[in-house]
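Visitor:
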Amino acid sequence: MISDGRTRIRHPLGAPPGTLIPLGTGGSGPVRIDVLSFDGKESEEQIGIAVETAEKHLKDPRMTWVTVDGIHDPQVIREVGQAAGIHPIFLEDIMNAMIRPKLEVLDSQILVLMKTPVYDEQSKELVLRQVSLVVGPRYVITFLEQPTDLFSPLKKRITTPGSSISKKDADHLAYALMDILVDRYYTVLDTLESRTEDIEHEILDNSRESLSLDIHRIRGQLIILRKVLWPTREIVRSLLRDDITSPENRLYYSDIYDHVIQLMDHVDTLREIVSGLMDIYMSSISNRMNAVMKVLTIIATIFIPLTFIAGIYGMNFSHMPELDWAWGYFAVLGIMVLVVAGMLYFFRRKGWL
Amino acid sequence: MISDGRTRIRHPLGAPPGTLIPLGTGGSGPVRIDVLSFDGKESEEQIGIAVETAEKHLKDPRMTWVTVDGIHDPQVIREVGQAAGIHPIFLEDIMNAMIRPKLEVLDSQILVLMKTPVYDEQSKELVLRQVSLVVGPRYVITFLEQPTDLFSPLKKRITTPGSSISKKDADHLAYALMDILVDRYYTVLDTLESRTEDIEHEILDNSRESLSLDIHRIRGQLIILRKVLWPTREIVRSLLRDDITSPENRLYYSDIYDHVIQLMDHVDTLREIVSGLMDIYMSSISNRMNAVMKVLTIIATIFIPLTFIAGIYGMNFSHMPELDWAWGYFAVLGIMVLVVAGMLYFFRRKGWL
Amino acid sequence: MISDGRTRIRHPLGAPPGTLIPLGTGGSGPVRIDVLSFDGKESEEQIGIAVETAEKHLKDPRMTWVTVDGIHDPQVIREVGQAAGIHPIFLEDIMNAMIRPKLEVLDSQILVLMKTPVYDEQSKELVLRQVSLVVGPRYVITFLEQPTDLFSPLKKRITTPGSSISKKDADHLAYALMDILVDRYYTVLDTLESRTEDIEHEILDNSRESLSLDIHRIRGQLIILRKVLWPTREIVRSLLRDDITSPENRLYYSDIYDHVIQLMDHVDTLREIVSGLMDIYMSSISNRMNAVMKVLTIIATIFIPLTFIAGIYGMNFSHMPELDWAWGYFAVLGIMVLVVAGMLYFFRRKGWL
Amino acid sequence: MISDGRTRIRHPLGAPPGTLIPLGTGGSGPVRIDVLSFDGKESEEQIGIAVETAEKHLKDPRMTWVTVDGIHDPQVIREVGQAAGIHPIFLEDIMNAMIRPKLEVLDSQILVLMKTPVYDEQSKELVLRQVSLVVGPRYVITFLEQPTDLFSPLKKRITTPGSSISKKDADHLAYALMDILVDRYYTVLDTLESRTEDIEHEILDNSRESLSLDIHRIRGQLIILRKVLWPTREIVRSLLRDDITSPENRLYYSDIYDHVIQLMDHVDTLREIVSGLMDIYMSSISNRMNAVMKVLTIIATIFIPLTFIAGIYGMNFSHMPELDWAWGYFAVLGIMVLVVAGMLYFFRRKGWL
Amino acid sequence: MISDGRTRIRHPLGAPPGTLIPLGTGGSGPVRIDVLSFDGKESEEQIGIAVETAEKHLKDPRMTWVTVDGIHDPQVIREVGQAAGIHPIFLEDIMNAMIRPKLEVLDSQILVLMKTPVYDEQSKELVLRQVSLVVGPRYVITFLEQPTDLFSPLKKRITTPGSSISKKDADHLAYALMDILVDRYYTVLDTLESRTEDIEHEILDNSRESLSLDIHRIRGQLIILRKVLWPTREIVRSLLRDDITSPENRLYYSDIYDHVIQLMDHVDTLREIVSGLMDIYMSSISNRMNAVMKVLTIIATIFIPLTFIAGIYGMNFSHMPELDWAWGYFAVLGIMVLVVAGMLYFFRRKGWL
C-alpha cells in the first residue's frame, strides 16, 4: 500500500473525556513491565514484574527507570498511572499513539510524548512509534507503543558499575532517552537521502513509470518527519526555556535542541531536492518522447518520398516513356539514393543524428 | 455540480445593520425548540416547546440546554434572542451561515459560532453546517442550521442519572458540544484521506480524465477545512487565554485545542500529498502518451521500409533484371526478414520492447 | 485588451510635492457637488451647488453629507479643500486614484481612501474606483472618482423622516458608507466565483485555447482584490484600535472588519481553486493529445501492415508461385482479416478501444 | 547577453577593511565635482570645481549641495570624504556599487545608499545605478555611480529665486532627491508592465520560442526590483521612526514611504501575473502541438486506408474476379469516396474540423 | 556522483555525550599545529609545534594565533582543548563537521563554528569545510577541517611590522578570520551565477538531456548555501547584539553582517532565477518536439496523398479508361504538382514553413 507511512486518524466519536482507548498499531499480547533501579554504585534490573512491584520501586530513593512495553491494554496503563500518580487525562494521551509530540508539566511530573521513526527497508515504509516519558523526582517511566531494543546500549551503560550516567538524576536519564529517540531520525533521514540519490541516478537511466510514485512517497515521508520534528523542537525549547530541567542538564538538552534544528534543516533541504526530482522526471519523460518521435520522423521522412517514387513507376499507364528507357530503372534507383542522402544531410544539420 | 462544497456568498446589498436575514442552506419548515434541564440529580427534557416556555427554563437555577433546530425563521430567532437577552447584532450573525467561525464575549454571555463538516458520500461533496452556541451563566443555547443527531449521545449521557457531565456547569456543557463538533472533522478528514489513497491507486491503473477533477475537488475541500479550522483554533485559544472559561475546564478546552492543532496538521499534510498527486497524474498521462507513440513508431518503422522495397519491385520498368531472376522473389523476402530482424534488434537495444 | 483591470501607474516625474494632478480614469466634464443636511427630524438635499454653498453647510450644526462627483478638476478639489480645511497633501492623495487604500488622521479630520470594485460583465474587466471620505465632527465629504448610484439606498434611508441613521453622528455615516463600499466586493467576488465554476465545466467539454487566458485574467483580478483588501483591513483595524471612532460605533466597525476578513478568506480560497484550474486545463490538453495520438496509431497500425502485404503481391517478379494459385487472392484477403482481428484484440487489451 | 541586468558580484578577496576599491560599472574618466549653494534668496552654481573649493562650500552657512559625478576614483572619494568628515568605512560603501541600499547614522551625518533603476529600451536590460547621499547639518553630498540628468528639474526649482524648496533645510533636500530616485521606479515598472502586456498578446499569436526567455528576463528584473525596494523601504521607515528627520519633513518622508509600499505592491502583482504567463505559454505550446498532430492524424487517417484499397487491386494474382468486372474500377472509386465521407463525419463529430 | 555536495549525515547511534568522534571528510595524516605570536611590534611564527609549546604561547601576554590543521585526531583535539581550557562539549562540536554554524559563549571564551565553501571546478561539486574559532582574551585558535591557504594574506599582513592589524586585539583577529571566510562565499556565488548564465545560453542552443540535472544540481547547491548562511547571519547578529565584541570592533562586525545579508539576497535571487530555468528548459523541450512533429506532418501530409494517387493508377483493373489516354500519365503528374502546391500554401498560411 502506498500510504501506510501516514498516521491514519481513527478517533472514537462522542466518547466522554478520560476514556482510555488504545489508538495505534500496537500489539495485542500481555504488556510487560521492566524496572531498573540504580544509585551510582550498584544497579538492579527486574523484567516482567507486577504493577505493585513497580509501585514499590517508584517510591525507592534510588533512581528508578520503569519500562512499560505496550500501550494497548487500558487496564495496565490505568494501574501504572495510579501507582505513579499520573493524571487520567495524561493516561489518555499516552494510549493515543495518534497524537502529536507534546510536553505537559503538572506539579512534580513532566510528561513527554515523543515519536521515533522506524523505516522498513523491505516495504520502504516509514512508521512513527510513540514513546512517552513520565519524569518524576527520582524516576522515569517509559511507555513504548512497540517493544524496541533501542535503549539496550543505554541500559548497558547504566548497569556498568561506576558509569557517569548511573550517578545522574531523573532529568539526565530523560535526556539520555530523548537523545536516543532523536538520533533515530538521523538514521532514517540517511536512508531517505540515499534513496533520493538512487532515484536521481535511475531517472536518467530508465525512468520507469513507478519512479513518480517513489518520489511521491519519499516526499510524503519527509512531510511526516517535518510535522513530527516541529513539535519535538517545541518540546525541547520549552524544557530549555521554562526552567523545567536542572541547570547542569541545560547544556545537554541544548545539544538535543541543536540536533533537532539540524534534522529539520536536513529534512527541508531534502524536501526541496526531492521536489526538484519530479521536474527532472517530467523533463526526462519529455526527452524520451522526443527521442521516440525523432526515430519515427526520420524513418517516415526518408521512406515516404521513396515509396511515392516507386509508386509513380508502378502505375499502369500505357504511355509512360520512362518505363521503356533501358537505364530508367537504374536512374530511379539513383534518384532515390540522392533523396536519402539529402534527407540525411538535412537531419544532420538539424542535429537529430 | 463541481463546487457545491464551497460556501457561496449571498449578501443583501445595502441592508441596514441589524436586519435579520437568513443566509444559508437551511430548511423552510417551522423551527422546533427543545429544552433539556438538569441539576446532577434528575433531568427533564421537553421537545417542541414555545419560546415562552424556553424563557422560563432559562431563568431556572438548574442547568438548561435549549436547542433551536433551524436558523431560517427571523421571527423565532428574534423571540429567542429577546428571551435570552442576546444582542441584536449577534442574532444577525447567528442567522448568517456564511460567516466564519468566531467568538464574541459580551457581559455574561459568550457567543461561539462554529462549523461542523458534513461529507456526502454519494455526491462526494463537503458541506459546512453552522452551529452557534450562546453560553450564559446557567444555560447553553444551540442554534443549528440543520437538524442533526450529532448530540444524541451527549443527551443520553446527561439524562443518565448521576453521570458526571450532568453535574457540571454551562462552560463544561459548551466544551462537550464543541468537542463533538471538532470530532466531526476527524471523520471527514478520514474519508478524504482514504479517497486520496484510492486516487493514488487509480492513477497508475487507468488515469481516466476525470481524475484531475477529483484531485481538484479534494484539494478544494481541504482548503475549505483549513480556512474553517484556522478561526476555530483562534476561538479555542481565546477561550483558554482570556480567562473566559473556569479553571477546572481549562484542561478540557486545552484538549480541544490539541485536537484542532492536530487536525490542521493533518489537513496540511494531506494538502501537500494531494498536490503531489497532480504531478503524478500529469506524469502518468505523459507516460501513457509515450507508450502510444512507441507502438506507432515500432509499427511504422518496421513496415514503411518493407513497403518501400515491395514498391520497388512493383515498378513497371521494362528493363529490371531482378524481376527475371528465378530466386528474385525469395531473395527479396529474405532481405525483408533481415530488415525486420535489424529493426527489432534496434528497438530492443533502445529498451522499447 | 487583456489587462485593463490592472491599475496602470502613471506618475508625473519630478513634480514638486503638493502639485494637484488628477491621476485616474475619471471623466472630464464639470464636477457636480451635492449636499444633504439632516438632524434626525428633517433633511434637506441640494444638488449641483456651488462650493461656497457647500462651505456654509459644512459649518451647519446639522449633520452634513457633501458629495463631490469627480476628482479630475484640480480647481474644484482645491476650493472644496480650502472650504473644509483639508491639508493640501491630502488633496493630492484624493486626486490620485492610483494610490492604495489608506487612512490618515489629522487633528479633527479623518481621511479614508477606499476602492470599490466594478465588474463589467460585457468585457469581463474589473475596475477599481476610488472613493475618499473626509470625516469631520459634523460632516462627511465623499469624493467619487466616477458618479455612482451606490449610495442611493442610503440617501433614501437618511431622508426617511425619523429613521435611525438620520439621528446618528458623522462616524456612523462614515461607517454606513464604508459598509456599502465593502459590500460591493461580495458582488464582484460572487461573479468571479461563478465564472470560475463556468470554466471548470468548460475545461472538460472543449478546452478552447483562450481558456488559459480566462483563467489568467481571473487570477489577475483576484490578485488585485487581495492587494486592495489588505490595506482596507488595515484601515478598519486602525479605526477600531486607535480610539478614532466613538465607542457606540465600535460594534459596527467591527462588523465591517469581519466582512473584510471574510472577503480576504474567500479571495484566498478562490485563488487557490483558480490556480488549480490551470493544472486541470493542462492535463485536459494532454489528455486530448493522447486521444488524437491513439486514433492515428490505431489507424496506422492496422493499415500499414495490410498495405505492405498488398505491396508484396503487387511486385512484378516473373517467378512468384502464390500469384498463380487459384485461391491465392482469397487467402491473402483472409490473412489480412486475421491481421486486423489481431490488432483490434491488441488494442482492446491495451484499453485503447 | 541574457543576464546583464543582474548585479554581478565582484569582490576583492582578502583585502583589509577600509581599502577603497571601486566596485561597479562606473566610468573611467576624471570625476567632476559640482556645487550648488543657496539660502532661499539667491543661489550660486559652480561646475567642475576642485575638492578644496567644495570643502569651503561645505562650511558655508548657506545650504550646499555637492554632486560627485563618479565613484571610480579612490583619490577623489578620499579627498571629498576628508573634506566632509565622512568615516572611512562609509567611503568604502560609497565606492561599492554592489552593496544593498542602506542607511547609516553617525553623529551629525546621515549616509543613505540608494539605487535608481535604468531600463535600456534597446537591449531590454535593467541596470541599477547607485546614488549615495551624505546629509549633514547644512549640506547634502550626492555621489553618483554614473552622470545623470535626473536631478536637473530639481536644480532648476532650487535656482528659481524665491522657490519654496530653496528655503528648506538639508533634510528636505535629501527628501527631494530620494523622491526623484523613487519616482524612477514607477517609470521602469510602467515599462515592464507594458512589456508584460505585449507578451500576453504575443503568446496567443505566435508563441515564438524566445518568448519564454523574455518572460524569464522580466521575472528576473522584477526580482531585482523587489530585492532593492525592500531595503529602500527599511531606510525610509528608519528615517520616519527614529526621529532622524525633522518633524516638518515627516509628512514628506511618509509620502515617499507610501510610494515605496505601493511600488512593492505593484512589483508583487506584476510578478504573480508574469509567473502566470509561463503557464499560458506552456499551454499554448501544447495547444499548437495538438493542432499539428490533428492535421497529421486527419491526413493519415483518410489516405492510409485508401492507399490500402488501391494496393489490393494492384496485386498481380492471376485470379482476381473484381479486376475483370466492367464497373470494378468505378466501384472501387465509389467505395473510396464513401470511406472519405465516413472519416470526415467521424472527425467532425470529434470536433476536430 | 550527483549529490556529493550535500553534507551527508553520519551519526554514531547511542554514543554517550562528550565522546570525541571525528565526523567529516577530513584527512587522516598527523595533525599539524602552527602558532603566530605578535604584539604590534614584532611577530614570531612557529610551524608544526607540540601541544605543550602551544600551551605556553596561549599564556603569553602577546596576541597568539594557534592553527590546528585537521580535526580528525581526537587525541590532539583533546590535548589542545585541555591546554586552552575548552569545555569538552565544545570539543565534540569542533570535531563534528556535520554541525550547523553556531556560536557558543562560555565565560571568557567564544566558540564560533563556521563553514567556508569550496567549489570544485572539475567535478562541479560544492563542499563546505568547517572552520572553528575559539576566541580567548589574548588568543584565537582556529581548527581547520582541511588545510587551506585561505589565511595566508592575513598572516602576511600580521607579520608585516607595524601593520594596523598586528596591533589589534583577539576580537579583531576573529573578525579578520570571519571576514575571509564570508568573502569566500562571494567567489562561489560568482561561479554559480556564471554557470547559471551558461545554462541559460545552452538551453536554447541544444537542450541536451543532462541540462535538467545541471539545473537541479545548482539548485541543490544554492539550497545548501542558503541553509549555511542563515545560521551564519545569526552568529554575527548575536555578536553584534549581545555585547560580546568590543565597541571598537562593532563597526567591523556590522560590515560582515551586511555582507552576509547581501549574500543571502544574492542566493535568493539566484535561486528564483535558477528555478525559472527549469520552466524554460521544459518549454524548450516542448518547442523542439513541436518542430519534430511539424517536419513529420509536412512530409507525411504532402506525400501520403501523392502515394495514394499513384496507387490508384497502379491498380490492375482491366477497364480503367485513364490508363489508355495518351496524356494520362502527364495529367496525373500535373495533378500531383497541384496537390503539392496546395499543401505548401496551406502550411505557409499556418506559419509552419
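Chains as they are written, first to last, in the numbering used here: chain A, 1 to 353; chain B, 354 to 706; chain C, 707 to 1059; chain D, 1060 to 1412; chain E, 1413 to 1765. Each residue gets a CB set at the ideal place from its N, CA and C atoms; glycine is no exception. Treat the numbers as computed from the prediction; the structure is a model and nothing was measured.
#1: Distance, Cα to Cα, A:I304 vs E:R1683?
#2: Where does C:K762 fall in DSSP's three states?
#3: What did DSSP end up calling B:W418 once you bin it into helix, strand or coil?
#4: Considering only C-alpha positions, which residue in the set B:P414, B:W418, B:I511 is nearest to B:I402?
#5: Specify the secondary structure class of A:P356 as computed by DSSP and reduced to three states.
#6: Comparing the C-beta of D:E1331 with each C-beta of chain E, is any distance below 8 Å?
#7: Looking only at its chain, what residues have a beta carbon closer than 6 Å to the beta carbon of A:R219, apart from the 5 residues adjacent to it on each side?
#8: Looking at A:M264: is its Cβ nearer than 8 Å to the Cβ of A:R226?
#9: According to a CB-to-CB cut-off of less than 9 Å, which residues of the segment 1565–1596 of chain E neighbour chain D?
#10: Examine chain A for any beta-carbon lying closer than 8 Å to the beta-carbon of B:H672, and answer yes or no.
#11: Give me the chain B residues within the contact set of C:D985, using Cβ-Cβ distance strictly less than 8 Å, ordered along the chain.
#12: Closer than 8 Å, Cβ to any Cβ of chain B: which residues of the segment 990–1009 of chain C, in chain order?
#13: By a C-beta neighbour count over all protein chains shown, 10 Å radius and 16 as the cutoff for buried, is C:Q852 buried or exposed?
#14: Should C:L834 and B:L649 be called a contact, given that it needs their Cβ atoms to be closer than 8 Å?
#15: Can the beta-carbon of B:T495 be found less than 8 Å from the beta-carbon of B:L530?
#16: For B:T469, which residues of its own chain have a beta-carbon under 6 Å away from its beta-carbon, when the five flanking residues on both sides are left out?
#17: Taking Cβ positions only, does E:P1717 come closer than 8 Å to chain D?
#18: Along chain E, in chain order, which residues have C-beta atoms closer than 9 Å to that of D:L1310?
#19: Flag E:Q1633 as yes if its beta-carbon sits less than 8 Å from any beta-carbon of chain D, otherwise no.
#20: With a threshold of 8 Å between beta carbons, is A:L204 in contact with chain E?
#21: Skipping 5 residues on each side, what residues in its chain have a beta carbon closer than 8 Å to that of A:I165?
#22: DSSP three-state label for C:P1027, please.
#23: Would you call the segment 676–686 of chain B and the segment 1011–1030 of chain C in contact, with 3 or more CB pairs under 8 Å?
#24: Determine, using beta carbons only, whether A:T269 comes closer than 8 Å to chain B.
#25: In whole angstroms, what separates the C-alpha of C:H922 from that of A:V267?
#26: If you compare alpha carbons, which of E:I1721, E:L1735, E:V1517 is closest to E:V1752?
#27: Going by the beta-carbon positions, is the gap between A:I224 and A:V112 smaller than 8 Å?
#28: Within 10 angstroms of the Cβ of C:V1043, are there 16 or more other Cβ atoms? Answer buried if so, exposed if not.
#29: Just to confirm the assignment, what range does the beta strand (DSSP E) spanning A:T142 have?
#30: Tell me which same chain residues have a C-beta within less than 8 Å of the C-beta of B:E553, skipping the five on either side of it?
#31: How many whole angstroms separate the CB atoms of D:V1177 and D:V1127, which I take to be in contact at a CB cut-off of 8 Å?
#32: Taking Cβ to Cβ, would you say C:S918 is nearer than 8 Å to D:S1253?
#33: Interface residues of chain D around E:Q1674 at Cβ under 7 Å?
#34: May I have the straight-line CA-CA distance separating B:I452 from C:D964, to the nearest angstrom?
#35: Grouping DSSP H, G and I as helix and E and B as strand, with all else coil, what is A:Y313?
#36: Against chain A, with Cβ distances strictly below 8 Å, would E:E1557 count as a contact?
Guide: If we stick to the structure as given:
#1: 48 Å
#2: Note: C:K762 maps to helix in three-state DSSP.
#3: DSSP places B:W418 in the strand class (E or B) of the three-state scheme.
#4: In terms of Cα proximity to B:I402, the closest of B:P414, B:W418, B:I511 is B:W418.
#5: No answer is possible for residue 356 of chain A: it lies beyond the span of chain A, which begins at 1 and ends at 353.
#6: no
#7: V274
#8: yes
#9: P1565, L1566, R1569, S1575, S1576, I1577, Y1587, A1588, D1591, I1592, D1595, R1596
#10: Yes - at least one Cβ of chain A is within 8 Å of the one on B:H672.
#11: Under the 8 Å cutoff, chain B gives S565, H569, M631, M635.
#12: S990, S992, N993, M995, N996, M999, K1000, L1002, T1003, A1006, T1007
#13: buried
#14: no
#15: Closer than 8 Å, so yes.
#16: In its chain, beyond the 5 residues on either side, R482, V484, L534, R537 have a beta carbon closer than 6 Å to the beta carbon of B:T469.
#17: yes
#18: Those do not exist, as D:L1310 stays about 30 Å from chain E at its closest Cβ, beyond 9 Å.
#19: no
#20: Flagged as an interface residue toward chain E: A:L204, by a C-beta distance shorter than 8 Å.
#21: L154, R157, I158, H172, L173, A176
#22: helix
#23: Inter-segment contact for the segment 676–686 of chain B and the segment 1011–1030 of chain C is present: three or more beta-carbon pairs are separated by less than 8 Å.
#24: no
#25: 34 Å
#26: Ranked by Cα distance from E:V1752, the options E:I1721, E:L1735, E:V1517 are led by E:I1721.
#27: no
#28: exposed
#29: Run containing A:T142: 139–144, per the beta strand (DSSP E) assignment.
#30: L630, I633
#31: Contact flag wrong, Cβ pair sits at about 19 Å.
#32: no
#33: Counting only Cβ-Cβ distances below 7 Å, E:Q1674 has contacts in chain D at I1158, R1159, in chain order.
#34: Our two residues, B:I452 and C:D964, have alpha carbons roughly 8 Å apart in a direct line.
#35: coil
#36: No, because no Cβ of chain A sits closer than 8 Å to the Cβ of E:E1557.
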